[in-house]
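In our numbering, the protein residues as written are 34 to 296. We treat Cβ as the ideally placed atom computed from N, Cα and C, and that holds for glycine.
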Amino acid sequence: FLPMDEAIYSVRMHAQRAGAHLCGAERLVPQARIEETAATLVRRALAHPRGRAEGLRLAVDLVDKEGVLHGRLPDVTTVRVGDFCSGRALAAQLLGGCGVTQAAARFALDTLAAGAAPDGRSMRGAMLVGAHSGRRLEPDAARGVRVTRMDLSARAEQSLGAALAPYGLDRVQVREALVLAAKVLAAPGVVAELCWSDDPDYLTGYVACAELGYVRITELKPRGDERGGRAFFVDERNLDLQGLCNFLERQVFLADDIGTVHP
Ligand code: WAQ
Ligand code: MG
Ligand code: MG
Ligand code: MG
Numbered sequence: 034f035l036p037m038d039e040a041i042y043s044v045r046m047h048a049q050r051a052g053a054h055l056c057g058a059e060r061l062v063p064q065a066r067i068e069e070t071a072a073t074l075v076r077r078a079l080a081h082p083r084g085r086a087e088g089l090r091l092a093v094d095l096v097d098k099e100g101v102l103h104g105r106l107p108d109v110t111t112v113r114v115g116d117f118c119s120g121r122a123l124a125a126q127l128l129g130g131c132g133v134t135q136a137a138a139r140f141a142l143d144t145l146a147a148g149a150a151p152d153g154r155s156m157r158g159a160m161l162v163g164a165h166s167g168r169r170l171e172p173d174a175a176r177g178v179r180v181t182r183m184d185l186s187a188r189a190e191q192s193l194g195a196a197l198a199p200y201g202l203d204r205v206q207v208r209e210a211l212v213l214a215a216k217v218l219a220a221p222g223v224v225a226e227l228c229w230s231d232d233p234d235y236l237t238g239y240v241a242c243a244e245l246g247y248v249r250i251t252e253l254k255p256r257g258d259e260r261g262g263r264a265f266f267v268d269e270r271n272l273d274l275q276g277l278c279n280f281l282e283r284q285v286f287l288a289d290d291i292g293t294v295h296p
């Protein structure tokens, strides 16, 4: 809920457990909603499906409204697959349609499946993968690149709830992933994204790109697997890596329009 005439604050949480990243979440809210938003984010960290947070950090920052980039959510499609192997094969095929080579797609799928951090666990942020070479490009391979400072406008949030509800999709995982995907696709140099959750019971993931929109794939990992992650595929030609990381980590992005939600 974000009235357009008020000051905007970025409220961000990230939590750790057993010496590793557990979860993070964030909103853009008016001043009157900072406390309630912080409480909701703290509650989430304490009730995470992978265990209770052992430590968490909260950050609240006033946002410069002049610098806000406005955008639109991608269209949503769902493809039902019989198991995660077919899901991954489909993901590779879809990524091919987004300008990602099969070598790069396979590399990202295999790396996320094995746990993208060097210790085999999930990363706090995303991998950056060359769409042609399949080379990993993020400056810190243990941490990855964390996308922050994005949300929906009040109106878009309402429309999105109404558009998702008939398909049983009005849940926080879908809303947050759509907002993140919208910002990532708006980033200079990004051609596609691949994602699946680190929640052991959340098997649905997605491939997103400008041409196909946000394509949900009902199974991208086996049940019980706590390894999840994200790969952002980038066009290596004329890539401004520093500029891209800056955009992903700092540019304030507000989706004030939604896309079409297909059954
Ligand atoms: N920036 C970069 N990477 C992130 C971020 C972020 N803000 N948030 C999460 N990640 C990475 C990190 O490695 C997590 O382990 C991984 O993504 C998965 O995050 O349509 O719930 O929050 O049904 O577990 C997608 C499908 C759900 C939703 C994704 O991801 C649908 C999900 P999670
Ligand atoms: Mg999340
Ligand atoms: Mg782009
Ligand atoms: Mg998660």
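Can you name the residues that DSSP bridges to residue i?
| i | result |
| --- | --- |
| Tyr-42 | Val-62, Leu-95 |
| Glu-226 | Ala-241, Phe-265 |
| Leu-55 | For Leu-55, which the question treats as bridged, DSSP gives no partner whatsoever. |
| Val-294 | Val-109 |
| Val-162 | Arg-169, Phe-266 |
Would the beta-carbon of residue i be found less than 6 Å away from any heavy atom of ligand 4?
| i | result |
| --- | --- |
| Asp-231 | yes |
Can you tell me which of the three DSSP states residue i falls into?
| i | result |
| --- | --- |
| Val-180 | coil |
| Glu-209 | helix |
| Gly-194 | helix |
| Ala-48 | strand |
| Leu-185 | strand |
Taking 6 Å as the cut-off, is the C-beta of residue i nearer than that to any heavy atom in ligand 1?
| i | result |
| --- | --- |
| Tyr-239 | yes |
| Gly-158 | yes |
| Ala-141 | no |
| Gln-284 | no |
| Gln-64 | no |
| Ala-186 | It is Ser, not Ala, that sits at residue 186 in the sequence shown. No; taking the cut-off as 6 Å, the Cβ of Ser-186 has no heavy atom of ligand 1 nearer than that. |
| Val-223 | no |
| Gln-206 | yes |
| Ala-210 | yes |
| Val-180 | yes |
| Ser-166 | no |
| Arg-121 | no |
| Arg-249 | yes |
| Ser-155 | yes |
| Arg-270 | no |
| Gly-201 | no |
| Gly-261 | yes |
Roughly how far, in whole angstroms, is the beta-carbon of residue i from the beta-carbon of residue j, given that I think they are within contact range, below 8 Å?
| i | j | result |
| --- | --- | --- |
| Ala-164 | Met-156 | Contact flag wrong, Cβ pair sits at about 19 Å. |
| His-47 | Arg-85 | Contact doesn't hold; Cβ gap of about 15 Å is too wide. |
| Arg-179 | Phe-286 | No, Arg-179 and Phe-286 are not in contact; Cβ-Cβ is about 14 Å, not under 8 Å. |
| Val-112 | Leu-123 | 6 Å |
| Ala-220 | Leu-161 | Actually they are not in contact, since the Cβ atoms of Ala-220 and Leu-161 sit about 10 Å apart, beyond 8 Å. |
| Thr-110 | Val-248 | 5 Å |
| Asp-232 | Arg-60 | Rounded, the Cβ-Cβ distance is 20 Å, inconsistent with contact. |
| Val-207 | Leu-197 | 6 Å |
| Gly-148 | Ala-159 | No, Gly-148 and Ala-159 are not in contact; Cβ-Cβ is about 14 Å, not under 8 Å. |
| Leu-236 | Thr-251 | 7 Å |
| Ala-210 | Tyr-239 | 7 Å |
Q | Runs of beta strand (DSSP E) wholly within the segment 236-287 (minimum 3 residues, chain order) | A | 238-242, 246-250, 262-267
Q. Which residue spans inside the segment 72-160 form an unbroken alpha helix (DSSP H) run of at least 4?
A. 117-129, 135-146
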